[in-house]
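Undergrad: Counting from 3, one number per residue, gives the positions in the sequence shown under the working numbering. Even glycine gets a Cβ: it sits at the ideal position worked out from N, Cα and C. Quick caveat, the model's predicted, so the values are computed rather than measured.
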Amino acid sequence: MARLYDGRVTSPAPVATRPLGVGAANALVFLAAGAVLVLEILGVRLLAPYVGLTLETTTAIIGAALAGIAAGAAAGGLAADRFEGRRLLPLLLAAGGLLCIAAVPLVRAFGDAVRGTSAIAALAIAMMILFPPACVLSAVSPVVAKLRLHDLEHTGRVVGTLSAWATAGALVGTFGTGFVLVPLMPTSTAVFAIGGLLLAVALFVAVRFGVGSRAIAAVCVSGAITLAGMAYAIGSPCDTESDYHCAAVAADPARSGGRTLILDDLRHSYIDLDDLGHLEFDYTRWMGDAVDALPPGPLDAVYLGGGGYTLPRYVATTRPGSRARVLEVDGALVDLARQRLGLRTSAALRVRVGDARVTLRAEPTDSADVVVGDAFGSRSLPWHLATAQFAREIRRVLRPGGLYTLNLIDQGDLQLLRAEAATLLEVFADVRLVAHAQDGEPVGGNVVFLASDRALAPGVRSTSRGARTFDRAAVARIARGADVLRDDDAPADQLISAG
């Protein structure tokens, strides 16, 4: 309603100049910032089945998200100065929600094209699925700030408060994803949930401000249904999404009982359900040869990593009466192995869920004849299981003369292999290396270390499938000049990446 002041007719202040409520402003920046961090963390899990869980992948995802945040903050500031903020907010939230949901069908549609390719490809797909939603959602904060700044006297307080709430949203998004969303639901469901929440808030804001709520509702509903339908049609590469992996089991057409456990994009384990004495992968055969060469009779063995439980069941088959304690970090993989890989736990095969660095402490001193380390992947490296401190813990658990056999994967100039050789030589009296060789030198791929606090018998070796066993002197030569891996200095990811 117009009013008369000093002979002049004035109108109510336009909607753009009315300040946004404090609670609503804080809630919007909290939600937008939190959603970006949720998607960033879930992005690692979305990409892992196609490009692996590597240092380069994680770096690419963080970089793509940060680039989106920076670009969105700048673009949002420009847009806030040019357009009416109350019309912008529902559009930004709706676009952010749809782009979040779109990440699932996009990565499923294009992921296969970048399997096993370079870090540049990982960066490209990370930018495709993370940069757009991070950019759009990061534009919310400057738009909200413009709506809140109705005088210059309180600029610092308003901007500071909004920044604090945005940071709080990022923290809640980070902790909530890791401790709640990932354990509670599949990755795709979590992405759809955060996208749906953004769409619901966008519609609420549009209705509250009276700015095209019907059109925004139509776009939100139709867009969400279309994108979710695309994701469903393409399908997930996972049988199970655990806290750590996208896991799937594939049947082997060449062997009726053959099953391959695939973690993310890697063939991790193979088991023949009809012949538990069959070892398909070269490195498992080499480990099996070393165990077979030990004095006859049942063994007490500790396995660091369960996977398909190939070696525990092999030893139980070839040495009846043996007892196995398996330390597996991923409880969902244990369930999958029970359902799809024929795992049956008992007093003779016990599984303890937890990180091996922690759970090994509960193993009694001098309690194992063999410790099998099989927790490494070609692009996934638990570095804390490669250090001298952990090797000493393994030596504590082994009985005198016991065998530690470790699977490790390295490529190129084998910097990680050399560092691990130096590490084991510092802890154990005898260390051997089983690997494919060329011109008398180990070559990349899977290699197996054999270590003991006493001299190993000559028969504890393998030549299966073209392998060569390097003795202690050769291992010392290979390790020459390499640094020992220690808890405070174990750049294992960088070493394998450099290789």
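1) Would you kindly work out how many angstroms separate the C-alpha atoms of THR163 and ALA34, rounded to a whole number?
2) Between which residues of its own chain and ARG467 is the CB-CB distance below 7 Å, once the five residues before and five after are set aside?
3) In the stretch 199 to 254, which residue ranges form an unbroken beta strand (DSSP E) of at least 3 residues, counting only runs that do not cross its ends?
4) Using C-beta distances below 6 Å, list every residue in its chain close to THR262, excluding the 5 sequence neighbours before and after it, in chain order.
5) Does GLY9 come out as helix, strand or coil in the three-state DSSP assignment?
6) Would you report the Cα separation of VAL355 and GLU330, rounded to the nearest angstrom?
7) Relative to the C-alpha of LEU426, which residue among GLN391, LEU338, ALA96 and LEU22 is closest?
8) Residues in its own chain within less than 6 Å of LEU95 by CB, not counting five upstream and five downstream?
9) Measure from the C-beta of SER258 to each C-beta in chain D and report whether the shortest distance is under 8 Å.
10) Does the Cβ-Cβ distance between ALA339 and ALA303 come in under 8 Å?
11) Let me know the alpha helix (DSSP H) ranges lying completely inside the stretch 327 to 386, each 4 residues or longer, listed in chain order.
12) Taking the Cβ atom as the reference point for each residue, do LEU497 and LEU387 lie within a distance shorter than 8 Å?
13) Given GLY403, which residues of its chain have a CB within under 8 Å of its CB, disregarding the five upstream and five downstream residues?
14) Can you name, in chain order, every residue of its own chain whose Cβ lies under 7 Å from the Cβ of VAL74, other than the five neighbours on each side?
15) Terminal residues of the continuous alpha helix (DSSP H) containing ASP417?
16) Look up SER466 in the DSSP assignment and give the residues it is bridged to.
17) Just to confirm my understanding: we take SER215, look at its own chain, exclude 5 residues before and 5 after, and list those with CB closer than 7 Å. What are they?
18) Tell me which residue opens and which closes the beta strand (DSSP E) that THR262 is part of.
19) Would you check if the distance between the CB atom of LEU281 and the CB atom of TYR316 is smaller than 8 Å?
20) Which one or two residues does DSSP pair with ASN409 in a beta bridge?
21) Look up GLU443 in the DSSP assignment and give the residues it is bridged to.
22) Tell me the DSSP secondary structure of VAL53 in three-state form.
23) At which residues does the beta strand (DSSP E) containing ASP291 begin and terminate?
24) Taking contact to mean at least 3 C-beta pairs separated by less than 8 Å, is the stretch 360 to 371 in contact with the stretch 337 to 352?
25) Note the first and the last residue of the continuous beta strand (DSSP E) segment covering VAL304.
26) Thinking VAL46 and ILE63 are a contact (beta carbons under 8 Å), I'd like their distance in whole angstroms, please.
27) Kindly indicate the opening and closing residues of the beta strand (DSSP E) around TYR272.
28) May I ask you to list the residues that DSSP assigns as paired with ASP432?
29) Give me, in chain order, the residues of the same chain whose beta-carbon lies closer than 7 Å to that of THR176; leave out the 5 immediate sequence neighbours on both sides.
30) From LEU101 to PRO134, what does the alpha carbon distance come to, in whole angstroms?
31) State buried or exposed for ASP332, treating a residue as buried only when at least 16 other CB atoms are found within 10 Å of its CB.
32) Are the beta-carbon atoms of PHE32 and ALA170 separated by less than 8 Å?
33) With VAL161 as the anchor, note down where its alpha helix (DSSP H) starts and where it stops.
34) Nearest to ASP254 by CA position, among VAL450, ILE264, LEU125 and HIS247, is which residue?
35) So the alpha helix (DSSP H) GLU395 belongs to, where does it begin and stop?
36) From the DSSP output, in three-state form, read off GLY403 for me.
TA: Once the coordinates are examined:
1) Sequence index remark: in the sequence shown, residue 163 carries index 161 (1-based). Sequence index remark: in the sequence shown, residue 34 carries index 32 (1-based). C-alpha separation (whole angstroms): 15 Å.
2) Here residue 467 refers to the residue found at position 465 when the sequence shown is read from its first residue. Taken in chain order, the residues that qualify are ASP284 and ARG287.
3) 248 to 253
4) Looking up residue 262 in the sequence shown gives position 260. Taken in chain order, the residues that qualify are ALA252, ARG269 and TYR272.
5) Counted from its first residue, the sequence shown places residue 9 at position 7. Only weak support is given to the placement of GLY9: the predicted model assigns it a pLDDT of 48, under 50, and the question is left unresolved by the model.
6) Counting from 1 along the sequence shown, the entry for residue 355 is found at position 353. Counting from 1 along the sequence shown, the entry for residue 330 is found at position 328. Each residue's alpha carbon lies about 5 Å from the other.
7) For the purposes of this step, residue 426 is taken as the residue at position 424 of the sequence shown. Residue GLN391 is the option with its Cα nearest to LEU426.
8) Walking along the sequence shown from the start, residue 95 turns up at place 93. The answer, listed in chain order, is LEU200, VAL203 and ALA204.
9) Included in the structure is just one protein chain, with no chain D present.
10) The residue given as residue 339 occupies position 337 in the sequence shown. The residue given as residue 303 occupies position 301 in the sequence shown. Their beta carbons are not under 8 Å apart, which means ALA339 does not touch ALA303 by this criterion.
11) 333 to 342 and 358 to 361
12) Numbered from 1 along the sequence shown, position 495 holds the residue referred to as residue 497. Numbered from 1 along the sequence shown, position 385 holds the residue referred to as residue 387. No, Cβ-Cβ distance for LEU497 and LEU387 is not below 8 Å.
13) Start at 1 with the first residue of the sequence shown, and residue 403 comes out as number 401. Only SER454, ASP455 and ARG456 meet the Cβ criterion.
14) Stepping through the sequence shown from its first residue, residue 74 is reached at position 72. It should be pointed out that residue 74 corresponds to Gly in this sequence rather than to Val. Contacts found: ALA136, CYS137, VAL138, LEU139, SER140 and ALA141.
15) In the sequence shown, counting from the first residue as 1, residue 417 sits at position 415. The residue asked about is misnamed: residue 417 is Gln in this sequence, not Asp. Start and end: 417 to 429.
16) Within the sequence shown, the letter at position 464 stands for residue 466. Paired residues: none, contrary to the question.
17) One-based indexing of the sequence shown puts residue 215 at position 213. Only LEU205, ALA208 and VAL209 meet the Cβ criterion.
18) Residue 262 sits at position 260 when you count from the first residue of the sequence shown. THR262 -> beta strand (DSSP E) spans 260 to 265.
19) As a working note, residue 281 is residue 279 in the sequence shown. As a working note, residue 316 is residue 314 in the sequence shown. Yes, Cβ-Cβ distance for LEU281 and TYR316 is below 8 Å.
20) Taking the sequence shown and counting its residues from 1, the one referred to as residue 409 is at position 407. Beta-bridge pairing links ASN409 to VAL450.
21) Counted from its first residue, the sequence shown places residue 443 at position 441. DSSP output for GLU443 lists GLN440 as bridge partner(s).
22) Within the sequence shown, the letter at position 51 stands for residue 53. The answer is helix: DSSP assigns VAL53 an H, G or I state.
23) The residue given as residue 291 occupies position 289 in the sequence shown. No beta strand (DSSP E) contains ASP291, which is instead part of the alpha helix (DSSP H) from 284 to 294.
24) no
25) Counted from its first residue, the sequence shown places residue 304 at position 302. First-last of the beta strand (DSSP E) with VAL304: 302 to 306.
26) On the sequence shown, position 44 is the one that residue 46 refers to. On the sequence shown, position 61 is the one that residue 63 refers to. Right, their Cβ atoms sit about 6 Å apart.
27) Numbered from its first residue, the sequence shown carries residue 272 at position 270. Start and end: 268 to 274.
28) Here the question's residue 432 lines up with position 430 in the sequence shown. Answer by DSSP bridge pairing, in chain order: SER454.
29) In the sequence shown, residue 176 corresponds to position 174, counting from 1. Correct list, in chain order: LEU39 and ILE43.
30) For this step, residue 101 is matched to residue 99 along the sequence shown. For this step, residue 134 is matched to residue 132 along the sequence shown. LEU101 and PRO134: Cα-Cα distance of roughly 7 Å.
31) Within the sequence shown, numbered from 1, the residue matching residue 332 stands at position 330. Only buried fits ASP332, as 16 or more other CB atoms lie within 10 angstroms of its CB.
32) If you number the sequence shown from 1, residue 32 lands on position 30. If you number the sequence shown from 1, residue 170 lands on position 168. Yes, Cβ-Cβ distance for PHE32 and ALA170 is below 8 Å.
33) What you label residue 161 is simply residue 159 of the sequence shown in a count that begins at 1. Start and end: 157 to 178.
34) For this step, residue 254 is matched to residue 252 along the sequence shown. It is ILE264 whose Cα lies nearest to the Cα of ASP254.
35) Position 393 of the sequence shown, counted from the first residue, corresponds to residue 395. Start and end: 390 to 399.
36) Here the question's residue 403 lines up with position 401 in the sequence shown. Assigned with DSSP and collapsed to three states, GLY403 falls in strand.
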